[in-house]
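In what follows, a single structure is set out as C-alpha cells and then discussed.
Number of protein chains: 2
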Amino acid sequence: MSQGAGAPTREDALALDAVDPLGGFRERFTLPKDVLYLDGNSLGALPAHTPERLRRMVEEEWGNGLIRSWNEAGWYDLPRGLGERLAPLVGAASGQVVVCDSTSVNLFKVLTAAMRLRPGRSTLISEVGSFPTDLYMTEGLVPARRRLIGRDGDSLADLLDDDTAVVLLSHVDYRTGRLQDMAAVTEQVHAAGALMVWDLCHSVGALPIELDACGADFAVGCGYKYLNGGPGAPAFLYAAARHHDAARQPLTGWFGHAEPFAMSPDYAPATGIGRFLTGTPPLLSFAGLDAALDVWADVDLERIRAKSLSLTSFFLRLTDALGLPTVTPRTPAERGSQISLRHEGAYAVVQALIARGVIGDFRAPDVMRFGFTPLYVSHADVFDAAEALREVLASGEWRDPRFAQRGAVT
Amino acid sequence: MSQGAGAPTREDALALDAVDPLGGFRERFTLPKDVLYLDGNSLGALPAHTPERLRRMVEEEWGNGLIRSWNEAGWYDLPRGLGERLAPLVGAASGQVVVCDSTSVNLFKVLTAAMRLRPGRSTLISEVGSFPTDLYMTEGLVPARRRLIGRDGDSLADLLDDDTAVVLLSHVDYRTGRLQDMAAVTEQVHAAGALMVWDLCHSVGALPIELDACGADFAVGCGYKYLNGGPGAPAFLYAAARHHDAARQPLTGWFGHAEPFAMSPDYAPATGIGRFLTGTPPLLSFAGLDAALDVWADVDLERIRAKSLSLTSFFLRLTDALGLPTVTPRTPAERGSQISLRHEGAYAVVQALIARGVIGDFRAPDVMRFGFTPLYVSHADVFDAAEALREVLASGEWRDPRFAQRGAVT
Numbered sequence: 035m036s037q038g039a040g041a042p043t044r045e046d047a048l049a050l051d052a053v054d055p056l057g058g059f060r061e062r063f064t065l066p067k068d069v070l071y072l073d074g075n076s077l078g079a080l081p082a083h084t085p086e087r088l089r090r091m092v093e094e095e096w097g098n099g100l101i102r103s104w105n106e107a108g109w110y111d112l113p114r115g116l117g118e119r120l121a122p123l124v125g126a127a128s129g130q131v132v133v134c135d136s137t138s139v140n141l142f143k144v145l146t147a148a149m150r151l152r153p154g155r156s157t158l159i160s161e162v163g164s165f166p167t168d169l170y171m172t173e174g175l176v177p178a179r180r181r182l183i184g185r186d187g188d189s190l191a192d193l194l195d196d197d198t199a200v201v202l203l204s205h206v207d208y209r210t211g212r213l214q215d216m217a218a219v220t221e222q223v224h225a226a227g228a229l230m231v232w233d234l235c236h237s238v239g240a241l242p243i244e245l246d247a248c249g250a251d252f253a254v255g256c257g258y259k260y261l262n263g264g265p266g267a268p269a270f271l272y273a274a275a276r277h278h279d280a281a282r283q284p285l286t287g288w289f290g291h292a293e294p295f296a297m298s299p300d301y302a303p304a305t306g307i308g309r310f311l312t313g314t315p316p317l318l319s320f321a322g323l324d325a326a327l328d329v330w331a332d333v334d335l336e337r338i339r340a341k342s343l344s345l346t347s348f349f350l351r352l353t354d355a356l357g358l359p360t361v362t363p364r365t366p367a368e369r370g371s372q373i374s375l376r377h378e379g380a381y382a383v384v385q386a387l388i389a390r391g392v393i394g395d396f397r398a399p400d401v402m403r404f405g406f407t408p409l410y411v412s413h414a415d416v417f418d419a420a421e422a423l424r425e426v427l428a429s430g431e432w433r434d435p436r437f438a439q440r441g442a443v444t
Numbered sequence: 035m036s037q038g039a040g041a042p043t044r045e046d047a048l049a050l051d052a053v054d055p056l057g058g059f060r061e062r063f064t065l066p067k068d069v070l071y072l073d074g075n076s077l078g079a080l081p082a083h084t085p086e087r088l089r090r091m092v093e094e095e096w097g098n099g100l101i102r103s104w105n106e107a108g109w110y111d112l113p114r115g116l117g118e119r120l121a122p123l124v125g126a127a128s129g130q131v132v133v134c135d136s137t138s139v140n141l142f143k144v145l146t147a148a149m150r151l152r153p154g155r156s157t158l159i160s161e162v163g164s165f166p167t168d169l170y171m172t173e174g175l176v177p178a179r180r181r182l183i184g185r186d187g188d189s190l191a192d193l194l195d196d197d198t199a200v201v202l203l204s205h206v207d208y209r210t211g212r213l214q215d216m217a218a219v220t221e222q223v224h225a226a227g228a229l230m231v232w233d234l235c236h237s238v239g240a241l242p243i244e245l246d247a248c249g250a251d252f253a254v255g256c257g258y259k260y261l262n263g264g265p266g267a268p269a270f271l272y273a274a275a276r277h278h279d280a281a282r283q284p285l286t287g288w289f290g291h292a293e294p295f296a297m298s299p300d301y302a303p304a305t306g307i308g309r310f311l312t313g314t315p316p317l318l319s320f321a322g323l324d325a326a327l328d329v330w331a332d333v334d335l336e337r338i339r340a341k342s343l344s345l346t347s348f349f350l351r352l353t354d355a356l357g358l359p360t361v362t363p364r365t366p367a368e369r370g371s372q373i374s375l376r377h378e379g380a381y382a383v384v385q386a387l388i389a390r391g392v393i394g395d396f397r398a399p400d401v402m403r404f405g406f407t408p409l410y411v412s413h414a415d416v417f418d419a420a421e422a423l424r425e426v427l428a429s430g431e432w433r434d435p436r437f438a439q440r441g442a443v444t
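These protein sequences, in sequence, are chains A and B. Under our numbering, the first sequence has 410 at position 376, and the numbering climbs by one with no breaks. Under our numbering, the second sequence has 108 at position 74, and the numbering climbs by one with no breaks.
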C-alpha cells in the first residue's frame, strides 16, 4: 500500500508547523521522547510545571501548613476558584461553574436538579451512543422515563414532546467525534419546554464553547482530557444563574451548605452555584487541575479550534490515501478534535501502533480513535503517526497474536 | 493559675515516651519544627515518603506512562486495591471495601442502598449531634422519614420501631469524642429489623474496628484524618458481602459497571463491592492515600488504642488541674482519640494556642478540640500543649482582639 498522489508530504507538515501560532506551547508540556501522543482526548499530557505545583501542595501547604492551609493557602475557595478560572473555557459568566467530584456524580446532581425544575414532566431524553456513564447515571434517577435517540431510529425531534423534562447530550460524541450544534439544539429543546444539559467532556479545551450565549441550562465536563488536569482530575459543573435559586440537587453535603462551619443539623443550600458542591474536595487532584489552568489562561480558543481543524483535516487526507473509512464527519464544523477510523482489526492495530510509540485508543467494536490536542501535537506528529499506521497495515504486523490480548482498560 | 498537686509532670511524660512501642513512627512523618500538632483528627500529618509517591504518580505514571498507566501502573485497580489495604483497619474480610468519592457521596450511596433493602419501611434514624454532612445527606433521600436521636430528648430505643429502615451513627462523635459500642448498637438495630450504617470518619486509624464481627451492614469513612491520606483524600465505603447481590446504589456510573469498557448503553452492576463505584477516581489524591497505607501496614491497632488512651488520659489529668470542663467521656472505653474542652472563649483560646504553634481546633459553640494521633504525638507533646493552654488562660492573652476574627474554616 502506498500513498496516493494527492496525499500531503512531511514537508507540507513542516510548512504548516512553521507558521503555527500555538507552536510555542509544546515546550510547556513534558512528554516522553519516544512517543507520538494522540490520546490527549482520553488523558491529557503533563504540564511541565505541574510537578512543582504538586510538590508545593504536598510539602508546603499540607506538610507545613497542615490544617491552617484551609484558610491560609485558600483550599476552601478552590472549588469555586477553579470554577471561575475554567468559566471562560465554556463561555460562562462569573458564578456559574464549580469544580467538584467526578463527571458521573455531577451528572446525577444536574440531572436531578433539572428534572425537579420541570415537575409534571417525567421524560429524560439522551442518545444511545452517549458516553456510557451518562446513560448509566440516568438510570439512577427515580422517577424518570428514559428515551434514547437512535435506539429505534428516532431523532431528537421524534422524541421531544410535552412530557420531556430534560435532554442530555454530549457536545462531542466520544466515539465518532461528531460535534453538536449547541445553539440550535438548545433552542429546539427549549421550544419543547424542556431543559438542556450538555456533557462537555470531549469538547472543553478542544474548541470555543458558549454556554451562556446558547442559553444552556446545565453542563458537566471533566478535567483530565483536553484540559490536562491529571488522571481522574476533578470534574466541573455549570448551572445557569437563572436556575440557582430554584435548583435543588440531591447530594446535599456540607460543602454546599450556606454556612458549612455553623455545623447546623439542618441543611440550607448555599446561595448561587455553591449549592452544587457536596463533600470535601480531593485537594491533591485539585492542585493538578489548578496547574493545568495556568496554561489555559494564556490560550486563545479560536486558535485552538483553527489548529485542531488543521490537524484533523491533515490526518484525514493521509488516512483517505490509505483507504481507511472514518466515522467522523468530514465537514469541519461538524467535528471535535478527534478522528475515528474503522478497521476490522481496530484493537490489534491500535496495540501495534502503541508498540511503535504511537498512542491512540480503541473503542468497541471496531473504532480506532486519534485525538489531536493543539497545544502539544504538531502537523509533523500527525504525518509521522499516519506513516506508522500505513506501515502497520502494509506489513501486516498488527496480525501478531500479542496484539490481540486485551487489558482491563482498552 | 497553677497546676494542682496531682497533676503529672514533664518527667512523667518523658518516662511514658521512653517505653512507647510506637515511638519510632514519629520519624515516618514530616512535621514542621515549630508546631505541636493536635489536629490530626481533622487533617492527618504528611508521611515522609508521600512526596516521592506523588512524584512517581505525576512524573512517571502520568508524564511518561500517559494513558498506558491505567493498565501498566495498576490505576484501574486502585479503588478496589486501596480498599483491600484498608480493610484490616476496619475489621473487614476481603472484597467488602472500596476507596472512592467523598464521605458525603458515599453516604448517599449506602443510605439509598440500605433504604432499598428495607422496602415497606420509611424511617431513617440518625443523631442530632452527628457530623453535619451525615444529616444533610439524609435530607437528599426521597422518600425517607427522618428522626433524630436527641432532638426531642429521644434515645435510639425510643425511636426504633417497625418502620425503621436504617440507622446511621458516627462511631466516634466529632464534637464530643464519645465512642459508640458498635457491637451492642448494631445488635439493637438488627433486633428492630433495621440496617446499621456506621460513619467511621473519627475512629478509623484511632482504634481497632470490627465491622464484620459486629455484623455491621454498611460503613463509610474518610482518608484524611487519622489515616493521613492528605487533604480531601478519597473516602471509603464498606458493604457487608451478604448485601452485595441485592444492593442497588443510585450513583450508577461506569466504574461500577460489570463491564465498563464494553461501553454498553445499559447499566449492569459489577459483581460484589465494585458496584458501589461511580466515576473515574481522582488518582493524584489516590496516590496520597496509597502512600499513607504503607505506614498502616506496619501498625498494631491494639497498640494504637493503648497509646491513644494513655495520651488522652494524660491530657485530661493536666486539664483537670486547670479546672477546664470536658464534654468527652471520662471512661476510657467510651471515648475515641480526642479530648474536647469547653470554654466561653473557646474560639479565641484556640487561635491564641495556634499563634503559639499549638494546633487544635474549635467547634461551635464553645468547644476546643484536641486530637491525639498515636503515630506522631508523644506524651511530652501533650504536656507541652497543656502547659501552653495553661499560660494562654493564665495570661489572658486569648482576650487579644486579633484572636476573635474568624476565617472561613475554623
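All C-beta atoms, glycine included, are put in the ideal place defined by N, C-alpha and C.
First through last residue of the beta strand (DSSP E) which encompasses residue i
i: Trp-104 of chain B; result: Unbroken run through Trp-104 of chain B is the alpha helix (DSSP H), 103-106; no beta strand (DSSP E).
i: Gln-385 of chain B; result: Segment 380-389 is the alpha helix (DSSP H) holding Gln-385 of chain B; no beta strand (DSSP E) there.
i: Val-223 of chain B; result: Taken as a continuous stretch (DSSP letters only), Val-223 of chain B belongs to no beta strand (DSSP E), being part of the alpha helix (DSSP H) at 216-225.
i: Arg-397 of chain B; result: 395-397
i: Gly-405 of chain A; result: 401-405
i: Arg-62 of chain A; result: Looking at the DSSP string, Arg-62 of chain A is not in any beta strand (DSSP E), and its letter there is neither H nor E.
Contact belief for residue i with residue j at Cβ below 8 Å, rounded distance in angstroms
i: Leu-352 of chain B; j: Ala-41 of chain B; result: 6 Å
i: Val-383 of chain B; j: Val-426 of chain B; result: 6 Å
i: Leu-285 of chain B; j: Val-139 of chain A; result: 6 Å
Chain B within 8 Å of residue i, Cβ atoms only
i: Leu-387 of chain A; result: no
i: Val-219 of chain A; result: no
i: Gln-439 of chain A; result: no
i: Val-92 of chain A; result: yes
i: Ile-183 of chain A; result: no
i: Val-384 of chain A; result: no
i: Met-297 of chain A; result: yes
i: Phe-270 of chain A; result: no
i: Glu-61 of chain A; result: no
i: Ala-373 of chain A; result: It should be noted that the sequence gives Ile, not Ala, for residue 373 of chain A. False, the Cβ-Cβ gap to chain B never drops below 8 Å.
Short CB-CB distance (under 8 Å) between residue i and chain A
i: Phe-349 of chain B; result: no
i: Asp-135 of chain B; result: yes
i: Val-446 of chain B; result: This structure cannot settle anything about residue 446 of chain B, because the visible part of chain B is limited to 35 through 444.
i: Ser-36 of chain B; result: In this prediction, Ser-36 of chain B scores a pLDDT of 39, lower than 50, which makes its location untrustworthy; no coordinate-derived value is stated.
i: Met-402 of chain B; result: no
i: Thr-444 of chain B; result: Low confidence applies here, because Thr-444 of chain B scores a pLDDT of 45, under 50, leaving its location unreliable; read the following figure in that light. Yes, contact with chain A.
i: Arg-436 of chain B; result: no
i: Ile-307 of chain B; result: no
i: Arg-119 of chain B; result: no
Chain-ordered chain A contacts of residue i [CB-CB under 9 Å]
i: Trp-96 of chain B; result: Leu-77, Ala-79, Leu-80, Thr-84, Gly-264, Pro-265 and Gly-322
Closer than 7 Å at the beta carbon, the chain A residues around residue i
i: Val-451 of chain B; result: Nothing can be reported for residue 451 of chain B: it is not among the residues displayed for chain B, which extend from 35 to 444.
i: Phe-142 of chain B; result: Leu-285
Interface residues of chain B facing residue i [CB-CB closer than 7 Å]
i: Gly-313 of chain A; result: Ser-136, Thr-137, Ser-138, Val-139 and Thr-167
i: Met-149 of chain A; result: Under the 7 Å cutoff, chain B gives no residues; its nearest Cβ is about 12 Å from Met-149 of chain A.
i: Arg-397 of chain A; result: Met-297
Proximity test, residue i beta-carbon vs the ligand MG heavy atom, cut-off 7 Å
i: Ala-422 of chain B; result: Summarising the ligand content, the structure contains no ligands, and the ligand MG is consequently not present.
Where the alpha helix (DSSP H) containing residue i begins and where it ends
i: Asp-51 of chain B; result: 44-52
i: Leu-88 of chain A; result: 84-89
Chain A contact residues for residue i, given Cβ-Cβ distances below 8 Å
i: Thr-157 of chain B; result: Ordered by position in chain A, no residue passes the 8 Å Cβ test against Thr-157 of chain B, which lies about 17 Å from the chain.
i: Tyr-71 of chain B; result: Leu-100
At which residue ranges does the segment 153-197 of chain B contain complete beta strand (DSSP E) runs of 3 or more residues, listed in the order of the chain? 157-161 and 179-183
Could you name each continuous beta strand (DSSP E) segment of 3 residues or more that falls completely within the segment 243-299 of chain B, going from the start of the chain to the end? 252-255 and 270-273
Which runs of the alpha helix (DSSP H), 4 residues or longer, sit entirely within the segment 412-438 of chain B? 413-429
Extract the residue ranges of the alpha helix (DSSP H) inside the segment 93-136 of chain A, only unbroken runs of 4 or more that lie entirely within it. 103-106 and 112-120
I'd like the ranges of any alpha helix (DSSP H) spanning at least 4 consecutive residues and lying wholly in the segment 324-359 of chain A. 335-355
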